[in-house]
Amino acid sequence: MVDSIEYDLIIVGSGLAGLRAAIEAAKTSQTLKIGVISKVQVMRSHSVSAEGGTAAVLFEEDGDSIESHIYDTVKGSDFLADQDVAERLCKEMPKEVYQLEHWGMPWSRRKDGRIGQRNFGGYSFPRATYASDKVGFFEMQTLYDTCLKSDNISFLNEWFVTAIIHDGQQFMGVTAIELSSGTFYTIRAKALIIATGGAGRIYSFSTYALSSTPDGIDMAYRAGLALKDMEFVQFHPTGILPSGILITEGARGEGGYLLNSNNERFMKNYAPSKMELAPRDIVSRAIMSEIRDGRGFKHETGVDCMKLDLRHIGDAVIREKLGAIREISIKFSGIDPSQEPIDIRPVCHYMMGGIHTNIDGATELKGVWAAGEAACNSVHGANRLGANSTSECIVWGKITGKIAAEYALNSNHTSQFPHHLVTLEEKRIYDGVFRGQGDYNPYEVRQELTDIMNDKAYVYKTETDLVEGLKRLREIRARTWKHVDDKAKEYNTNFSNVMELDSMFRVAEVVLLGAINRRESRGSHSRIDYPNRDDANFLHHTLAYYDPKEPIMKKHPVTITRYQPVERKY
895 MVDSIEYDLI IVGSGLAGLR AAIEAAKTSQ TLKIGVISKV QVMRSHSVSA
945 EGGTAAVLFE EDGDSIESHI YDTVKGSDFL ADQDVAERLC KEMPKEVYQL
995 EHWGMPWSRR KDGRIGQRNF GGYSFPRATY ASDKVGFFEM QTLYDTCLKS
1045 DNISFLNEWF VTAIIHDGQQ FMGVTAIELS SGTFYTIRAK ALIIATGGAG
1095 RIYSFSTYAL SSTPDGIDMA YRAGLALKDM EFVQFHPTGI LPSGILITEG
1145 ARGEGGYLLN SNNERFMKNY APSKMELAPR DIVSRAIMSE IRDGRGFKHE
1195 TGVDCMKLDL RHIGDAVIRE KLGAIREISI KFSGIDPSQE PIDIRPVCHY
1245 MMGGIHTNID GATELKGVWA AGEAACNSVH GANRLGANST SECIVWGKIT
1295 GKIAAEYALN SNHTSQFPHH LVTLEEKRIY DGVFRGQGDY NPYEVRQELT
1345 DIMNDKAYVY KTETDLVEGL KRLREIRART WKHVDDKAKE YNTNFSNVME
1395 LDSMFRVAEV VLLGAINRRE SRGSHSRIDY PNRDDANFLH HTLAYYDPKE
1445 PIMKKHPVTI TRYQPVERKY
């Protein structure tokens, strides 16, 4: 008999969205039993790595406005954002900045004592609210501390959730492995919020933590929920070489220059009004265009790159506002940014796509919500503006936390718990993976998979590359890599790594297929063979449903409420 525990509400994922959801659910009802489940310890969630800022309109008296934030977000999305969702983000976020402050968030300050804000790409006003260059860490610490004040929030740290259990109509529970013991559990609940973050580790050159694999996204996909807009992968312009660790957009917000091998600030040729503070997709394409035209540098590893120059900002400002960047640069590239420019290159940084939800974060399965990067409520469309992601996590953490808590309070499950689905899941992971046999090293297969994504689905794409990438992906998936050499029960990372790889294959396939089908260039999705945006044929979202043979692709309308699509210029 499988071990079983029970909660009213389960939140899978302990980053910004998951913690904000837990706080709001606990506030909604003190009698609600809330379980936050994470495959890492809470403060190891990748949200701690957010560096530059959280977008919010705070000072309308200085000339900013909610309307401006909405339009910047919609324009930045290349008009694929659902505009009602963008409006909700921009209207809700200012209250959340002050709420975080009341909970103890140490926002950076202006000289007059007001909360500090800096420039970020694609915005018409400095509205990236920051805390030095460690905003994610401080937001996480603030939310975690606040969670610990609620007696009805429990944390299951280092548990690997493997599947959603439902009766075809509504959510019933999940299956999970307690990593410390290796014990397989059924966790029953009335409601679920998926807040497991993005899928960025399907790329080898990536800003994501190694744990940022698409387990939660794939879990929803296998349960019959749609994945939306997965072809839109954001490449941040400034990943440090050779590691790919993020150099925050705040470095350019504080005045950093991008330089080519002619020592030119080349962004004047691509976005003259915004320069280095154009949206990320535009800056990343500009860098790759400069490299393609022979104006790049060669890093010592042989990789083509550009330079990010912070020297003119001065050592004192770098230490005060970009201290973590200075530390990262010295530790991981041996360069003091006050003395030398940093070698950078576009790096996989964010997934605009995710689990398909509505404006409230509700999925297509009753009792299941998704929030943060794991979700796609279409707020970012084809390209996210920097600092809108932490905002999205916080806003929809709050929204889904409240709605899911109310649902759990009023839910009355009458149908029989589907134990046969638990048995099938146990068979899938233990017979199919743990006791599997094979000739191929899963770690080498994982490297091949991520290299395929890097080579065939990078900043600029072509049909030939994408089709070749999909073919190679399917070839290596067919190899016998589903086996675990380490047979220990306790902390078997070999087992969890192979399960992660299983999820990576399914989600990478959706990314490639979506990119093949979208024969246009829009936002982060740039096709050399289809260089123009095509509103007549592609002003729609992409939905992918799981099928064992290959994903079933469908279209979904874009919500346009106030701004008709126009050419996107900066």
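Okay, so the sequence shown: first residue is 895 according to this note's numbering, each after it adds one. Glycine included, C-beta positions come from ideal geometry on N, C-alpha and C. As the structure is a computational prediction, the values presented were derived from the model and not from experiment.
Output yes or no for whether 8 Å exceeds the beta carbon distance between residue i and residue j.
i	j	result
Pro1131	Pro1240	yes
Glu1184	Val896	no
Asp1175	Ser1002	no
Glu1170	Leu1153	no
Thr1358	Tyr1097	no
Gly1326	Lys1376	yes
Ile1111	Gly1248	yes
Leu910	Met1066	no
Val1022	Gly1280	What sits at residue 1022 in the sequence shown is Ala, not Val. Result yes, Cβ atoms of Ala1022 and Gly1280 sit closer than 8 Å.
Ile1059	Leu1315	yes
Ile964	Glu990	no
Asp1123	His1435	yes
Lys969	Arg1462	yes
Ala1089	Met1245	no
Ser1420	Arg1189	no
Leu926	Ala1302	yes
Pro1136	His1193	yes
Thr1036	Gly998	yes
Leu1360	Ile1410	yes
Ile1219	Met1200	no
Thr1284	Gly1332	no
Ser1305	Ala1114	no
Ala1402	Met1347	yes
Helix, strand or coil for residue i, going by three-state DSSP, please let me know.
i	result
Asn1304	helix
Pro1131	strand
Glu981	helix
Ile1229	coil
Gly1067	strand
Lys1448	strand
Asp1061	coil
Thr1036	helix
Ser908	coil
Arg1329	coil
Val1460	coil
Ser1241	Note that residue 1241 corresponds to Val in the displayed sequence, not to Ser. DSSP places Val1241 in strand when its eight states are reduced to three.
Glu1072	strand
Glu1338	helix
Thr1077	strand
Leu1216	coil
Arg1082	strand
Rounded C-beta distance between residue i and residue j? I'm assuming under 8 Å.
i	j	result
Thr1101	Gly1133	6 Å
Phe1014	Asp958	So it is not a contact: roughly 13 Å between Cβ atoms.
Ala1172	Tyr1464	5 Å
Arg1427	Ser1415	6 Å
Ser1232	Ile1253	Not really, about 45 Å apart at Cβ, beyond 8 Å.
Asp966	Tyr1017	5 Å
Gly1255	Ala1264	6 Å
Cys1242	Val1127	6 Å
Val1392	Pro1336	5 Å
Asn1282	Leu913	The pair is not a contact, with the Cβ atoms about 19 Å apart (cut-off 8 Å).
Gln924	Glu1052	Contact flag wrong, Cβ pair sits at about 27 Å.
His940	Ser1106	5 Å
Ser971	Asn1277	6 Å
Asp1045	Ser1309	In fact, because the Cβ distance is near 31 Å, the residues do not count as touching under 8 Å.
Lys1260	Gln1458	The pair is not a contact, with the Cβ atoms about 35 Å apart (cut-off 8 Å).
Nearest chain D C-beta to residue i closer than 8 Å, yes or no?
i	result
Trp1263	Of the chains in the structure shown, none is chain D; there is only one protein chain.
Is it a yes or a no for the stretch 900 to 909 touching the stretch 1073 to 1087, going by three-plus beta-carbon pairs under 8 Å? yes
Is the stretch 1439 to 1446 touching the stretch 1111 to 1129 in the sense that three or more CB pairs, one from each, lie closer than 8 Å? When C-beta atoms of the stretch 1111 to 1129 are compared with those of the stretch 1439 to 1446, three or more pairs fall below 8 Å, so the two segments count as touching.
At 4 residues or longer, and completely inside the stretch 1347 to 1394: list those alpha helix (DSSP H) runs for me, N to C. 1357 to 1371
Run through the stretch 1155 to 1204 for me and flag every whole beta strand (DSSP E) of 3 or more residues, listed as ranges in chain order. 1198 to 1203
Using a Cβ distance threshold of 8 Å, determine whether the stretch 906 to 919 contacts the stretch 1283 to 1300, with at least three qualifying pairs required. Judged by Cβ distances under 8 Å, the stretch 906 to 919 makes contact with the stretch 1283 to 1300, as three or more pairs qualify.
What beta strand (DSSP E) runs, 3 residues minimum, are completely inside the stretch 1409 to 1441? As far as the stretch 1409 to 1441 is concerned, its whole beta strand (DSSP E) runs of at least 3 residues are 1434 to 1439.
What are the complete beta strand (DSSP E) segments, minimum 3 residues, inside the stretch 917 to 955? 928 to 932
Extract the residue ranges of the alpha helix (DSSP H) inside the stretch 1098 to 1145, only unbroken runs of 4 or more that lie entirely within it. 1109 to 1116
Please specify which runs of the beta strand (DSSP E), each continuous and at least 3 residues long, are wholly inside the stretch 1245 to 1322, giving them in chain order. Counting only runs that start and end inside the stretch 1245 to 1322, the beta strand (DSSP E) elements of at least 3 residues fall at 1248 to 1250, 1262 to 1264.
Contact between the stretch 946 to 958 and the stretch 1028 to 1045 is defined here as three or more beta-carbon pairs at a separation below 8 Å; is this criterion met? Judged by Cβ distances under 8 Å, the stretch 946 to 958 makes contact with the stretch 1028 to 1045, as three or more pairs qualify.
Are the stretch 1284 to 1291 and the stretch 1062 to 1073 in contact at 8 Å, needing three or more beta carbon pairs? no
Segment contact, 8 Å Cβ cut-off, at least three pairs: the stretch 1383 to 1401 with the stretch 1132 to 1146: no
Of all the alpha helix (DSSP H) runs that stay within the bounds of the stretch 969 to 1015, which reach a length of 4 or more residues? 977 to 996
Do the stretch 1271 to 1287 and the stretch 963 to 977 make contact, defined as three or more Cβ pairs closer than 8 Å? yes
Would you be able to state if there are at least three C-beta pairs under 8 Å between the stretch 927 to 935 and the stretch 1041 to 1055? yes
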